[in-house]
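Asks: By full-length UniProt numbering, the letter at position 7 of the sequence shown is numbered 7, and the numbering carries on one by one without gaps.
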Amino acid sequence: MDIVITGATSGIGTETARVLALRGVHVVMGVRDIAAGKDVKETIVKEIPSAKVDAMELDLSSLASVRNFASEYNIQHHQLNILINNAGIMGTPFMLSKDNIELQFATNHLGHFLLTNLLLDTMKKTARKSGGEGRIINVSSEGHRLAYHEGIRFDKINDPSGYNGFRAYSQSKLANILHANELARRLKEDGVDITANSVHPGAIATNIIRHNSLFRSMNTILHALPGIAGKCLLKNVQQVILNFQKQRNKI
């Protein structure tokens, strides 16, 4: 079984990659920092010598990088059972991506949206060949409920006036959910044996909040509580793995 997971150099992504490797899955980590990705790979292989783990460069804030990753993956690998869209940033000051799109919307939603589309044909071929169900998992957040009152401000995505870092994050998480819902509907309508789901992993001290000083302070507190951070991380990873396990039981 082959799985692609984004944002695997820290937090939920790293632990999910480790647990999947432990279960004998071939894990391809899409990572912005390739050196950090190789470090994670080495750590996993040291613990699990039989692990099949690869790290490939992927900057989700750059549409060109997403296209390069997908092109290389489709050339190097001929199957894909599960795609876990996990990477994300949170609470950033107003910034534009390389494509001049608000950074959180670009990274959390548009990058994953494009990645999914570019890998979908490979997933369809894999589902037909294996006779098993493919699965697309968007790691979203209950924070989507705190988006702007208009929901997704399509006409103001790149407008710095009235920008709120957390609401912009919530907006991107709402987009993750709407993407999964609509994709699931279309796949079912077309009779494709691939499901699309969004999951809320729960609150956890991870690197996603590195851009916001308030959330960094909360992160420090969480890490200071003995055992809490580790237990929370395990519980959150279980939410993602549960989605994976339901799929594997059908193959």
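Ideal placement from N, C-alpha and C gives every residue a C-beta, glycine not left out.
Give me the Cα-Cα distance between MET90 and ILE48, rounded to the nearest whole angstrom.
Replies: Distance between the alpha carbons of MET90 and ILE48 is about 32 angstroms.
Asks: Identify every residue that forms a DSSP beta bridge with TYR169.
Replies: DSSP, once it has assigned bridges, lists no residue as partnering TYR169.
Asks: For LYS41, count neighbouring C-beta atoms within 10 Å of its own C-beta (all shown protein chains included) and say buried if the count is 16 or more, exposed if not.
Replies: When all chains shown are included, LYS41 counts as buried.
Asks: What are the boundary residues of the alpha helix (DSSP H) that GLY11 is part of?
Replies: From DSSP, the alpha helix (DSSP H) with GLY11 extends over 11 to 22.
Asks: Tell me the DSSP secondary structure of ASN138 in three-state form.
Replies: The answer is strand: DSSP assigns ASN138 an E or B state.
Asks: Only counting the same chain, and skipping five residues up and downstream in sequence, which positions put a Cβ closer than 7 angstroms to that of ILE101?
Replies: Counting only Cβ-Cβ distances below 7 angstroms, and skipping sequence neighbours, we find LEU110, ILE157 and ASN158.
Asks: Counting Cβ pairs, one atom from each stretch, are 3 or more of them under 8 angstroms apart for the region 174 to 186 and the region 137 to 146?
Replies: Output reads yes: the region 137 to 146 touches the region 174 to 186.
Asks: Going by CA-CA distance only, name the one from SER61, ASP155, VAL199 and HIS77 that's closest to ASP2.
Replies: Comparing Cα-Cα distances from ASP2 to each of SER61, ASP155, VAL199 and HIS77, the minimum goes to HIS77.
Asks: Just mark SER170 as buried or exposed, buried being the case when its beta carbon has 16 or more other beta carbons within 10 Å.
Replies: SER170 should be labelled buried.
Asks: Just to confirm, are SER62 and SER10 a CB contact at a threshold of 8 angstroms?
Replies: No.
Asks: Between ILE136 and LEU183, is the Cβ-Cβ spacing less than 8 angstroms?
Replies: For ILE136 and LEU183, yes; Cβs fall inside 8 angstroms.
Asks: What's the call for HIS223, buried or exposed, on a 16-neighbour Cβ count within 10 Å?
Replies: Residue placement at HIS223 is flagged as unreliable, the pLDDT there being 46, under the threshold of 50; the coordinate-derived value follows with that caveat. Label assigned to HIS223: exposed.
Asks: Starting from the Cα of ASN81, find the closest Cα among ASP190, ILE5 and GLY162 and give me that residue.
Replies: It is ILE5.
Asks: Can you tell me the Cα-Cα spacing of ALA127 and ILE194, whole angstroms?
Replies: Distance between the alpha carbons of ALA127 and ILE194: 7 angstroms.
Asks: Are there 16 or more other CB atoms within 10 angstroms of the CB of ILE75, so buried, or fewer, so exposed?
Replies: It counts as exposed.
Asks: From VAL53 to SER161, what distance separates their C-alpha atoms?
Replies: Going from the Cα of VAL53 to the Cα of SER161 covers about 43 angstroms.
Asks: Grouping DSSP H, G and I as helix and E and B as strand, with all else coil, what is LEU96?
Replies: Three-state DSSP puts LEU96 in a strand.
Asks: To which residues of the same chain is THR122 closer than 8 angstroms at the C-beta, ignoring the five residues directly before and after it?
Replies: Correct list, in chain order: TYR73, ASN74, HIS77, HIS78, GLN79 and LEU80.
Asks: What did DSSP end up calling VAL192 once you bin it into helix, strand or coil?
Replies: It is coil, neither helix nor strand.
Asks: Whose CA, out of ILE44, THR92 and LEU114, lies closest to the CA of VAL19?
Replies: Taking only the C-alpha atoms, the option nearest VAL19 is ILE44.
Asks: Comparing C-alpha positions only, which one of THR107, ALA17, ASP99 and ARG23 sits nearest to LEU83?
Replies: It is ALA17 whose Cα lies nearest to the Cα of LEU83.
Asks: Which of helix, strand or coil does DSSP assign to GLU57?
Replies: Correct three-state label for GLU57: strand.
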